[in-house]
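Student:
Chains as they are written, first to last, in the numbering used here: chain A, 7 to 255; chain B, 690 to 938; chain C, 2 to 647.
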């Protein structure tokens, strides 16, 4: 199939950036979206042009590196699918496809489609952990965890930290990301001692990183490749309220 | 770049230069966006309660001029003789004003943060994937605010009312929605529908902000929000349409 | 046979205590020198890589009080490729009361490694396995649990006990996030200096000791020299030498290879694990291969058409024209034969021209019988997510048409040679996780890689590295030291070289071609003739690479092709060594099948008398023959036997 892609090109963080149109010919419908860009880049290199920079690594939907807004939708048109798992058979011959980076002040563009997501790491640094120095752990079976809680914690913990939630949010909020980690660690007994400080500190880090606030619009969960549910934000709000109360008493 | 492989097409790009690829550093810690949301939720719920009481009063109009005017006068005597006449009304007005200001101030801070969180807009405008009501909260809120100002000048102070007789609210209402003042009715209708949309997302959002976190609870919250909004819209619109159709005159 | 290598002196692991295997690790811990907690802050450790091994090591060393500098090429330490491990992690907890024990896990691992692993190391691995689970649970890793709230276990990879802990099909992700969170906590506390989007391009050796690395900031292109008292490599495996593998695109051998060039021995490079159930290539655009859980073989039946060139649709091929070859050749194990056997059998039928799908490189994995027997619902409950993944990638519905699968490179057992202390032959250079060679022998068992990465990082390295650091702090090295300047200059010259060639072929085109050579001649089945040919082809291609490669852009920016060029250049040298190693090992064992060494009925034939050693290679220059050092392996506890699955 033959398509056109309009790709955001930006040489570095100081460049203004622009959309540039490229023809991509003879693409197999079985190729992934990233493989289509590989083909484009091979051609650009041989033509003496600068290939399109984009983040990618595992290409099996788990590392969370790939990050493209395709035709206005983070990770493209397929639900619960990362860009690397999106295949060209979902497009038609002759399509013009717009490809842009995640757009958020907290995720500045480094080059083309590559953004800096270190703000997510800073949110985790603020409290997205359970303090458990190596060697200090008690026997694993000393604390049973109800299966229901363990399963819910797992679901929250499947977040791959790709940032699609931020890219899709009309407010540029990272609330779903933060909520997923707060829920994961708040659902297991080991996470209780730090539950209050965790939610307060992580939210502070999130606000300080320049993310917007949540308006419960729900765009984040629709683009989330792992289907992290919006209800977790309610859980975060509840935890926050309790933490505020506890910190004042 | 060349060989006619690609063309640079001018697109509507926000011309602001993206921020440098470094973490935005903030010396001052931000007020928690969740705290601001809680303020909005609590004040929003207060305003909804008021709207419902107000609506019940409005519906007195269907019991005739005497009943309606009697109700209106009664409002000034609530809590007498404990409080002097109209004191309760002023306390209530003061409370509502504080709620409205807190609600709007929080909304403005959050809206400014949201806009700062995405300094460069998407070239390919994303289609709304969450709820439409959620995306119209801010403009809907502005319409409602403008209407409230008009409404106070119209039916509270009487400044903009053709009759403007404080002693006879029934007559004021009937005069207001006369057929030749169709534009007032239109504005009223528009504002009430905006309130409906605002509440449809607002009620769900407030409940979520206050910690609702189950899938079942979410379904109930969404359904209740819809029902409460529709009832409110119907209740309020029944008055002007009754006047226009001559059911009330 | 010394056209390709020289024979050197044997080497030995002098760090391991002798005596009863059960107490060796205890005794080593006791004999290890300790560092006064007050002195640890003055000691700097560099950790390259943030996967299970590197992440757990960095966090634990920082907790202990050392100053840690961590480097990864990804944009966040959470994206290291450990994240993609699906199946689970073994631990000898014996929670199922099914007769498991540390000794049994040790026994199974040595046997599974086809008797080419070091007993002392494997025993230690088995004994720390129980601590790993405790540690991960304390961190909040959401392992699967039973209704009683206790941890669930499953049997994995053909073992007869249920010792595999798992978190649905995302165990690697959950374990890595546990380590990542521990790392970020230490970053927040200022104990770890985290450098993301930084690539190690050279090792700095001063006075025979590893004292630092040269790194490139992948965003700005800035080259810096980073000094420390010790360097830990946790940079993963080298499966990407095959271009197509289940590894992440960025996985590379550069950190290990640079250390090898500086004197660290590289052991058993030819030991590669090839996983039988991957989604086949769909065309020339293919950039990587995706693994599907082996559990599919529990209910799927593997077959190809009986006749070569049968181009009918699978549904149109009647039973009598199908060959369920695994069930035919291995009636006892059928479709559940171990990975290496299933992989080789698939290759054989495809070589006969009976492969299916594009290019004839695939075999059917058919669930029609399972669906008829159990119903579609039951099959969906068991494999729903895998079927969905298959459909997402191939566009075919496996409920209606059989899956197509083909083997793919998955893991590399070889790596830098280390002693019992995980120290390489360069003092102060420690190697953990997949990057070292130590624990899996010639074949890795399922659910053992996660165990090894975390065992090394959480429990082994912090003790043994402490022993080394107890002799520090080492003399401060200035950035002007001639070795430092030389390492830095070498890196800069190499990068400039890539940029200046300005040829007419892309880096990827070379990498793809190298991958084809490796897969063809150093893949599932190797022959003397093929390997000799491959060495010639690789050398010619390498020369061509240095003449014709085209790397666009400059070195002062994010330049993904410049990064790739450096990695591919190292893959050429590694690929050649892999072929030499495979050539010298005239036996079939584990992941290494030599066609000349098979039983009359075509099964692998080991030669314990000749090859029961780890082959550790020494580097002497790009155009020089490497030297082979043999570390003889002793099997005092688990006596070599022959695997049979007929």
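Where a beta carbon is used, it is the ideal one built from N, C-alpha and C, also for glycine. In this text the structure is predicted, and so the values were computed from the model without any measurement.
Check the Cβ-Cβ distances between residue 886/B and every residue of chain A, and say whether any is below 8 Å.
Tutor: no
Student: Kindly say whether residue 212/A, judged by its beta-carbon, lies nearer than 8 Å to any beta-carbon of chain C.
Tutor: Closer than 8 Å: no.
Student: Taking only three categories from DSSP, how would you classify residue 849/B?
Tutor: Coil, per DSSP.
Student: Give me the Cα-Cα distance between residue 256/A and residue 119/A, rounded to the nearest whole angstrom.
Tutor: Only positions 7 to 255 of chain A appear in this structure, which leaves residue 256/A out of reach.
Student: Using only alpha-carbon positions, find the residue among 880/B, 777/B, 910/B and 936/B that is nearest to residue 829/B.
Tutor: 880/B
Student: At a CB-CB cut-off below 9 Å, which residues of chain A make contact with residue 726/B?
Tutor: Within 9 Å Cβ-Cβ: 219, 220, 221, 222 and 243.
Student: Does residue 742/B pass the burial test, meaning 16 or more other C-beta atoms within 10 Å, or should it be called exposed?
Tutor: exposed
Student: Leaving out the 5 sequence neighbours to the left and right, which residues in its chain are closer than 8 Å to residue 45/A when beta-carbon positions are compared?
Tutor: 30, 33 and 37
Student: At the level of alpha carbons, what is the spacing between residue 109/A and residue 98/A?
Tutor: 26 Å
Student: Could you check whether the Cβ of residue 791/B sits closer than 8 Å to any Cβ belonging to chain A?
Tutor: no
Student: Count the other C-beta atoms from every protein chain shown that fall within 10 angstroms of the C-beta of residue 106/A, then say buried if there are 16 or more, exposed otherwise.
Tutor: So residue 106/A counts as buried.
Student: For residue 863/B versus residue 938/B, is the C-beta distance shorter than 8 Å?
Tutor: The beta carbons of residue 863/B and residue 938/B sit closer together than 8 Å.
Student: Any C-beta of chain B sitting closer than 8 Å to the C-beta of residue 203/A?
Tutor: no
Student: Helix, strand or coil for residue 599/C per DSSP?
Tutor: DSSP places residue 599/C in strand when its eight states are reduced to three.
Student: Counting beta carbon pairs with one atom in the segment 767–782 of chain B and one in the segment 729–737 of chain B, are three or more of them shorter than 8 Å?
Tutor: no
Student: Flag this pair as touching only if the segment 839–854 of chain B and the segment 903–917 of chain B have three or more C-beta atom pairs under 8 Å; answer yes or no.
Tutor: In short, these stretches do not touch, since the Cβ pair count stays below three.
Student: From residue 455/C to residue 574/C, what distance separates their C-alpha atoms?
Tutor: About 29 Å.
Student: Please report whether the beta-carbon of residue 900/B lies at a distance below 8 Å from any beta-carbon of chain A.
Tutor: yes
Student: To which residues does DSSP link residue 103/A through a beta bridge?
Tutor: In DSSP, residue 103/A forms a bridge with 11/A.
Student: Report the start-end ranges of each beta strand (DSSP E) in the segment 63–139 of chain C that is 3 residues or longer and not cut off at the edges.
Tutor: Runs of the beta strand (DSSP E) inside the segment 63–139 of chain C: 68–72.
Student: Whole angstroms are fine: how far does the CA of residue 368/C sit from the CA of residue 10/A?
Tutor: 39 Å
Student: Using alpha carbons as the reference points, say which of 538/C, 533/C, 114/C and 180/C lies closest to residue 137/C.
Tutor: 180/C
Student: Would you please state the rounded distance, in angstroms, between the beta carbons of residue 121/A and residue 171/A? I believe it to be under 8 Å.
Tutor: 14 Å between Cβ atoms; not a contact.
Student: Can you have a look at residue 258/C and say buried or exposed, based on whether 16 or more other CB atoms are within 10 angstroms of its CB?
Tutor: With 16 or more Cβ atoms within 10 Å of its Cβ, residue 258/C is classed as buried.
Student: Counting Cβ pairs, one atom from each stretch, are 3 or more of them under 8 Å apart for the segment 511–518 of chain C and the segment 488–502 of chain C?
Tutor: no
Student: Just the chain B side, please: which residues come within less than 7 Å of residue 237/A by C-beta, in chain order?
Tutor: 902, 903, 904 and 907
Student: Cβ closer than 7 Å: which chain A residues qualify as neighbours of residue 482/C?
Tutor: Here the premise fails: no neighbours, minimum Cβ distance about 32 Å.
Student: With C-beta atoms as the reference, is residue 242/A less than 8 Å away from residue 185/A?
Tutor: Yes, the Cβ-Cβ distance between residue 242/A and residue 185/A is below 8 Å.
Student: Runs of 4 residues minimum, wholly inside the segment 118–181 of chain A: which ones carry the alpha helix (DSSP H) assignment?
Tutor: 124–133, 153–163 and 170–174
Student: Got a sec: which bits of the segment 61–74 of chain A sit with their beta carbon under 7 Å from any beta carbon on chain C, in order along the chain?
Tutor: 61, 62, 63, 64, 65, 66, 68, 69, 70 and 71
Student: Would you give the residue range spanned by the alpha helix (DSSP H) that residue 187/C belongs to?
Tutor: For residue 187/C, the enclosing alpha helix (DSSP H) begins and ends at 172–189.
Student: Quick one: Cα of residue 636/C to Cα of residue 123/C, how far?
Tutor: So the two alpha carbons sit approximately 12 Å from each other.
Student: Can you name the residues of chain A whose CB is closer than 7 Å to the CB of residue 168/C?
Tutor: 160
Student: Determine the direct distance from the alpha carbon of residue 151/A to that of residue 715/B, and round the result to whole angstroms.
Tutor: Unreliable placement is indicated for residue 715/B, whose pLDDT of 45 sits below 50; the coordinate value is still reported in the next sentence. Going by the C-alpha atoms only, they are around 40 Å apart.
Student: Look up residue 10/C in the DSSP assignment and say whether it is helix, strand or coil.
Tutor: coil
Student: State yes or no: is the beta carbon of residue 834/B nearer than 8 Å to at least one beta carbon in chain A?
Tutor: no
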